[in-house]
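Counting from 84, one number per residue, gives the positions in the sequence shown under this note's numbering.
Glycine included, each C-beta is placed from N, C-alpha and C at the ideal position.
Only one structure is covered here, and it is reproduced in the block below.
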Amino acid sequence: MIPQTFIQDLLSRVDIVDVVDRHVKLKRAGANFVACCPFHSEKTPSFTVSQTKQFYHCFGCGEHGTAIGFIMEYSGAGFIDAVKELAQSVGMTVPEEARSEQAARRAEEGDDLYGVLLRAAQFYRAQLRDAPHAIAYLKGRGLSGDIAKHFGVGYAPDGWQGLAAVFPDYDAKALLAAGLVKQNEEGRRYDVFRDRIIFPIVDVRGNVIGFGGRVLDKGEPKYLNSPETPVFEKGRELYGLYQARRAIRDAGRVIVVEGYMDVVALAQSGVDYAVATLGTATTPTHVQKLLRQTDEIVFCFDGDDAGRRAAWRALENSLGQLVDGKQLRFLFLPQGEDPDSYVRQQGKEAFEALFGKALPLSQFLLQELAKQSDLSAAEGRANLIHLAKPLLKQIQALGLRLQIVRALAEASRLAPDEVERLCELKSLARRSAPAQPHHNRAPMMSPDKQLLRLLLDQPRLAEKISDEYRLLLDSNPEYQPAAELVSILKNGKLTSAAALLEATRLSKHFELYEKALADTLNDMGDEQAADADLTGILTQLELRHVESEYKRLSAAGVRDDIERQRFLQVSRRLNELKGGTAAHPAASAPGA
């Protein structure tokens, strides 16, 4: 563990402008610096670095982070290695803080999900060294020790409670919460993964968040995944993305396959820019996440009916994420082959040569729709437009949509404007056209998001929020990320927005904070306006709370002097808030 105090000291000494400029030449643009983004192809600079906030953000692909985050993304380094690289650049030595007794106990007892999952991953990895049959299986699949180490591959022993060897308190609550154990009707616990090759699932920050297990011989299910947990959501995560980020940028593409072994086998053969979905169909979030990494996605499926059905689901879930200038393609392997078997038998060059046969999304879409329509008959051509309508309405990439409309028009013997009219695309365009801004005002956002933005833009505002308001924030689910941020700001002396962000790296709200900070990149820091906005947000929050209390007391009725006094207090405060005569909310107690 690296002490948080060291992280804060490091960030106060490094300048993100210098860090980025060593890898990407920056030019000043007003208060910020800009360059063409190193994480996606572009001709017009949209990569922006704020020296004030010590934060970068690309308005093209959405990539953003601190100086530590930049090193992690640019070089593919883990968090610790990124910290060490930055520390060396400013002559600092990274101290390794011994895990405190309390932290060690929390990890053993399972109060820390990330700690529990990391501990389990280390256990599985150690077990592989003493499992000759598992090692023989991996060697038989063509995997080397180096590639197994790169992906952290391990082995779950064939015992009902193997994890008890590493978790003395096998009844710890978070072993269940982490998806490592199950409990039967009699209350007896047992390991989820037994006698399986284990593939740790790692998020983009390098945290172990779950596992995939594959049987060595015959057995069902062939693959077993961790259940969804507070830190693991299958529809958001991709196996191998953490390890493949640098290779994806270098190759200019990412390959999406269906299994862990496919990813590992491809990497063993030098195709190290592959990822896999986690036992679920490709989701819009998967596509969005990958398009932030590269301009080309190649979905690779088996050539059978099941593979084409999976490809169609991927297409449907990609339509809303399409962007002109990005390309999605679909590669179908020869019958009976999967990426693992094909690359082992044919090699890297033969596998990559298949990309030339991959179908662009538009071509695959038109082919599949044409299969369901008799284009020699008027009814069939009308059916083609009927089938295409809901799909076209999802596509926001206007250039691509126009090309597909023209292809549909040719196939259906209609004019392009007739296809657009039948598919209601022109009315859709009018409805979705962005409203013209008035007086350059920022677009409306919810109060909870606005509060996050205020706190990240001007951390000093946390001191203006009373303890009563912190409790009120915490009692409203949508405001809990803001409440956590206020607590961090009040408990630590943070020197910049970047330092604040790094203090939240293990928070479940980290991605939300990153996005909110990115939204503030061009804010000018008007303190008077920020104070007024804070007052307005807290006033509305208290008003909602007091109105709810007033309704509750009114419905229950006044039964004694204490309730009468409380009712009068609430009524008076409600009148003050509605009349605009309330004291500054940060200094007053809600409902007082």
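Could you give the DSSP three-state label for residue i: helix, strand or coil?
{"i": "leucine 556", "result": "helix"}
{"i": "leucine 265", "result": "Sequence check: residue 265 is lysine here, not leucine. Here lysine 265 sits in strand by DSSP."}
{"i": "leucine 307", "result": "strand"}
{"i": "phenylalanine 434", "result": "helix"}
{"i": "glycine 296", "result": "strand"}
{"i": "glycine 113", "result": "coil"}
{"i": "glutamate 379", "result": "strand"}
{"i": "phenylalanine 130", "result": "strand"}
{"i": "aspartate 274", "result": "strand"}
{"i": "valine 569", "result": "helix"}
{"i": "glutamine 244", "result": "coil"}
{"i": "leucine 94", "result": "helix"}
{"i": "arginine 396", "result": "helix"}
{"i": "phenylalanine 122", "result": "coil"}
{"i": "valine 103", "result": "helix"}
{"i": "leucine 534", "result": "helix"}
With distances taken Cα to Cα, identify the nearest neighbour of residue i among the options.
{"i": "lysine 591", "options": "Pro128, Tyr139, Asp195", "result": "Asp195"}
{"i": "methionine 175", "options": "Leu448, Thr312, Ile85, Ser309", "result": "Ile85"}
{"i": "phenylalanine 138", "options": "Cys119, Val102, Gly113, Leu497", "result": "Val102"}
{"i": "valine 285", "options": "Gln134, Glu320, Lys305", "result": "Glu320"}
{"i": "glutamate 585", "options": "Glu125, Thr135, Phe162", "result": "Phe162"}
{"i": "serine 676", "options": "Leu169, Arg105, Pro128, Ser124", "result": "This structure gives no information on residue 676, because the portion of the chain shown stretches from 84 to 675."}
{"i": "tyrosine 238", "options": "Gly419, Gly296, Lys110", "result": "Gly296"}
{"i": "asparagine 559", "options": "Leu544, Ala494, Glu625", "result": "Glu625"}
{"i": "tyrosine 596", "options": "Ile230, Cys506, Lys440, His147", "result": "His147"}
{"i": "glycine 403", "options": "Thr366, Gln486, Leu437", "result": "Thr366"}
{"i": "alanine 231", "options": "Asp241, Gln244, Ala217", "result": "Ala217"}
{"i": "glutamate 311", "options": "Ala465, Leu505, Ala261", "result": "Ala261"}
{"i": "arginine 412", "options": "Val406, Gly419, Leu398", "result": "Leu398"}
{"i": "leucine 258", "options": "Gly408, Phe384, Leu201, Ser133", "result": "Leu201"}
{"i": "leucine 544", "options": "Phe206, Asp385, Ala613", "result": "Ala613"}
{"i": "arginine 332", "options": "Glu316, Tyr356, Ser352", "result": "Tyr356"}
{"i": "phenylalanine 294", "options": "Phe282, Ala389, Asp550", "result": "Phe282"}
{"i": "serine 579", "options": "Ala150, Gly619, Ser495, Arg391", "result": "Ala150"}
{"i": "aspartate 407", "options": "Arg647, Ala255, Val264, Leu483", "result": "Leu483"}
{"i": "arginine 681", "options": "Thr622, Pro530, Arg279", "result": "Missing from the structure shown is residue 681; the chain here goes from 84 to 675 and no further."}
{"i": "arginine 279", "options": "Pro313, Arg208, Leu324, Val249", "result": "Arg208"}
{"i": "leucine 416", "options": "Asn400, Phe382, Pro564, Trp395", "result": "Phe382"}
{"i": "arginine 396", "options": "Leu374, Gly419, Glu451", "result": "Glu451"}
{"i": "valine 291", "options": "Asp254, Arg375, Gly318, Phe234", "result": "Phe234"}
{"i": "glycine 289", "options": "Gly152, Tyr273, Ala441, Val298", "result": "Gly152"}
{"i": "glutamine 134", "options": "Gln371, Gly113, Ile154", "result": "Gly113"}
{"i": "valine 354", "options": "Ala480, Leu437, Asn400, Lys372", "result": "Leu437"}
{"i": "glutamate 379", "options": "Leu414, Ala350, Ala364", "result": "Leu414"}
Is residue i buried or exposed, if buried means 16 or more other CB atoms sit within 10 Å of its CB?
{"i": "arginine 336", "result": "buried"}
{"i": "asparagine 308", "result": "buried"}
{"i": "lysine 136", "result": "buried"}
{"i": "glutamate 632", "result": "buried"}
{"i": "histidine 369", "result": "buried"}
{"i": "arginine 326", "result": "First, the amino acid is wrong: residue 326 is glutamine here, not arginine. Glutamine 326 comes out buried."}
{"i": "glycine 410", "result": "Residue 410 is actually glutamine in this sequence, not glycine. Counting Cβ neighbours within 10 Å, glutamine 410 comes out buried, since at least 16 surround it."}
{"i": "serine 227", "result": "exposed"}
{"i": "glutamine 428", "result": "exposed"}
{"i": "threonine 360", "result": "buried"}
{"i": "glycine 198", "result": "buried"}
{"i": "arginine 647", "result": "exposed"}
{"i": "alanine 518", "result": "Its pLDDT being 39, under 50, alanine 518 is placed unreliably by the model, and the measurement read from it follows with that caveat. Looking at its Cβ environment, which holds fewer than 16 other Cβ atoms inside 10 Å, alanine 518 is exposed."}
{"i": "glutamate 71", "result": "Since the displayed the chain opens at 84 and closes at 675, residue 71 lies outside it and no answer follows."}
{"i": "valine 173", "result": "exposed"}
{"i": "threonine 88", "result": "exposed"}
{"i": "threonine 131", "result": "buried"}
{"i": "valine 143", "result": "It should be pointed out that residue 143 corresponds to glycine in this sequence rather than to valine. Buried is the call here."}
{"i": "aspartate 550", "result": "exposed"}
{"i": "arginine 328", "result": "buried"}
{"i": "lysine 661", "result": "exposed"}
{"i": "serine 459", "result": "exposed"}
{"i": "histidine 106", "result": "exposed"}
{"i": "asparagine 115", "result": "buried"}
Could you tell me whether any Cβ in chain D is nearer than 9 Å to the Cβ of residue i?
{"i": "serine 352", "result": "The chain inventory of the structure shown lacks chain D, comprising one protein chain alone."}
Does the region 421-430 come close enough to the region 340-356 that 3 or more CB-CB pairs lie under 8 Å?
Three or more Cβ pairs drawn from the region 340-356 and the region 421-430 lie within less than 8 Å of each other, which places the two stretches in contact.
The region 435-445 contacting the region 479-493, beta-carbon criterion three pairs below 8 Å:
yes
Do the region 532-550 and the region 565-572 meet, that is, are 3 or more Cβ pairs less than 8 Å apart?
yes
Inter-stretch contact (C-beta, 8 Å, three-pair minimum) for the region 429-437 and the region 450-469
no
Going residue by residue through the region 577-630, where are the continuous beta strand (DSSP E) segments of at least 3 residues, counting only ones entirely within it?
none
Check whether the region 469-477 and the region 381-390 are in contact - that is, three or more C-beta pairs closer than 8 Å.
no
Give, in chain order, every unbroken run of the alpha helix (DSSP H) that is at least 4 residues long and sits entirely within the region 458-500.
461-475, 481-495
What are the start and end residues of each continuous alpha helix (DSSP H) run of 4 or more residues lying completely inside the region 136-183, in chain order?
150-158, 162-172
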